[in-house]
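In the numbering used here, the protein residues as written are 338 to 688.
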């Protein structure tokens with residue numbers, strides 16, 4: 338079997354939780370190398386993977402097919418460029434880059450070398466998002482008029498030991514979680530004509546943004562839908578993850594996809610009932626059917642992050658379409674840049 342020999346650029350939370358488990362259980366991949374600058378935390382779980390001490394050593398490995406750039410945000414552009422120049426296929430963690438110019442340069446470089454460049458927008462395979470897509474495809478709410486997506490977090494203190502909160506190598510909530518909720522909205526409704534946003538730092542002594550509310554105006558696929566995207570580190574009482582209102586009904590969903598929690602606990606993808614959500618977390622569908630009011634839980638579809646790597650294999654080895662193609666994710670970075678401009682200028686910014 339022609340397995341894809343894969344290397345991880347880091348073995349922090351992203352490598353341990355979101356990448357190594359899926360690569361290791363997928364028979365089409367080989368977890369060949371893991372970058373750990375001084376430790377050997379991966380040795381116990383992945384004894385067959387060699388540990389390298391630098392990114393240069395990783396991309397210099399002969400026979401390595403694919404490199405996963407799961408390093409701090411501010412390094413994504415440089416590391417992805419160097420990996421592509423070394424002739425490797427590349428997966429970049431979200432956010433793809435910090436600027437549109439960087440993103441477009443990487444896309445052009447990958448195309449010129451005939452290499453795959455994908456962005457790890459894994460939350461396209463969240464169970465709640467897949468359920469939203471199903472509800473919309475079935476027209477259960479009638480003509481949709483309003484879409485709200487909120488990613489709640491609660492940490493009312495600033496962690497000084499992580500780049501995500503110091504701003505040293507990127508970080509901040511808009512690039513971190515905004516990259517997910519914006520991508521999901523664009524998947525559903527297309528790119529908007531304009532953006533209106535408020536981005537702020539609300540926690541005491543905060544150094545990066547920890548709050549945003551972003552309105553995407555007149556999306557290409559559904560110009561009449563009002564889109565609101567929100568996240569904050571000060572949501573002690575959770576808001577709904579999704580709220581959808583149509584002319585014939587509503588859908589309200591609380592709670593987060595269970596895959597991250599399962600992975601953090603050490604469960605492996607493919608275990609029985611993987612990605613399934615407890616019925617107590619199913620969203621509420623409120624509509625009419627055959628002239629009668631329906632107000633009942635709507636079954637959540639199972640989440641499936643493994644589908645991301647399945648598609649990477651199908652694309653690289655079988656030529657199938659790439660589902661999280663960096664070319665389309667450039668639009669997400671464009672919207673994040675526009676949201677920041679909108680917040681600074683306190684005005685609507687056209688795309």
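Glycine included, C-beta positions come from ideal geometry on N, C-alpha and C.
* Go ahead and pull the three-state DSSP assignment for residue 616. => Collapsing the DSSP output to three states places residue 616 in a helix.
* Asked: Counting along the chain, where does the beta strand (DSSP E) carrying residue 343 start and finish?
  -> 341-345
* With respect to the alpha helix (DSSP H) encompassing residue 355, which residues constitute its N-terminal and C-terminal limits? -> Segment: none, residue 355 is in no alpha helix (DSSP H) and carries neither H nor E.
* When 680, 344, 584, 517 are compared against residue 420, the one with the closest alpha-carbon -> 344
* In or out: residue 453 buried (at least 16 other Cβ within 10 Å) or exposed? -> buried
* Within 10 angstroms of the Cβ of residue 661, are there 16 or more other Cβ atoms? Answer buried if so, exposed if not. => By the neighbour-count criterion, in which 16 or more other beta carbons inside 10 Å mark a residue as buried, residue 661 falls on the buried side.
* Asked: Does any residue of chain B bring its CB to less than 9 Å from the CB of residue 495?
  -> Protein chain content of the structure displayed is limited to a single chain, and chain B is not contained in it.
* Asked: Are the Cβ atoms of residue 455 and residue 652 separated by less than 9 Å?
  -> yes
* To do: Go to residue 367, then tell me how far its alpha helix (DSSP H) extends in each direction, as first and last residue.
  => Looking at the DSSP string, residue 367 is not in any alpha helix (DSSP H); the run it does join, the beta strand (DSSP E), is 366-372.
* Roughly how many angstroms lie between the CA atoms of residue 355 and residue 501, to the nearest whole one? -> 17 Å
* **Separation of residue 464 from residue 577, as counted between CA atoms** => 15 Å
* Asked: Do the CB positions of residue 645 and residue 359 come within less than 9 Å of each other?
  -> yes
* Got a sec, what are the start and stop residues for the beta strand (DSSP E) residue 387 sits in? -> 387-389
* To do: Can you grab the Cα-Cα spacing for the pair residue 404 / residue 426, in whole Å?
  => 6 Å
* To do: Tell me whether residue 526 sits in a helix, a strand or coil according to DSSP, three-state version.
  => helix
* Asked: Is residue 460 closer than 9 Å to residue 542 when the C-beta atoms are compared?
  -> No. Outside cutoff.
* **Cut-off 8 Å between Cβ atoms - residues of its own chain near residue 372, not counting five sequence neighbours on either side** => 344, 345, 346, 347, 348, 388, 389, 390, 391, 392, 394, 395
* Asked: Considering residue 377, what are the terminal residues of the alpha helix (DSSP H) in which it resides?
  -> Per DSSP, residue 377 belongs to no alpha helix (DSSP H) and is neither H nor E.
* Asked: For residue 610, is the classification buried or exposed, using 16 other Cβ atoms within 10 angstroms of its Cβ as the cut-off for buried?
  -> When all chains shown are included, residue 610 counts as exposed.
* Beta carbon of residue 667, beta carbon of residue 437: below 9 Å? -> yes
* To do: Could you tell me the boundaries of the beta strand (DSSP E) in which residue 581 lies?
  => 579-583
* Asked: What do you reckon, are the CB atoms on residue 566 and residue 590 nearer than 9 Å?
  -> no
* Sort out for me which residues DSSP pairs residue 550 with in a bridge. => 535, 567
* Taking residue 485 as the reference, which of 624, 422, 445, 553 has the closest Cα? -> 553
* Asked: Taking residue 367 as the reference, which of 378, 550, 383 has the closest Cα?
  -> 383
* Counting Cβ pairs, one atom from each stretch, are 3 or more of them under 8 Å apart for the segment 517-533 and the segment 669-682? -> Judged by Cβ distances under 8 Å, the segment 517-533 makes contact with the segment 669-682, as three or more pairs qualify.
* Complete alpha helix (DSSP H) runs within the segment 638-673 (minimum length 4 residues, chain order) -> 643-655
* Asked: What's the gap between the Cα of residue 376 and the Cα of residue 353?
  -> 14 Å
* Are the Cβ atoms of residue 416 and residue 442 separated by less than 9 Å? -> no
* **residue 516 beta carbon less than 9 Å from that of residue 458** => yes
* Report yes if the CB atom of residue 588 is closer than 9 Å to the CB atom of residue 490, and no otherwise. => For residue 588 and residue 490, no; Cβs fall outside 9 Å.
* Sort out for me which residues DSSP pairs residue 633 with in a bridge. => 622
* Measure the C-alpha to C-alpha separation of residue 300 and residue 659 and round it to an integer number of angstroms. => A question about residue 300 goes unanswered here, because the residues of the chain that appear run from 338 up to 688.
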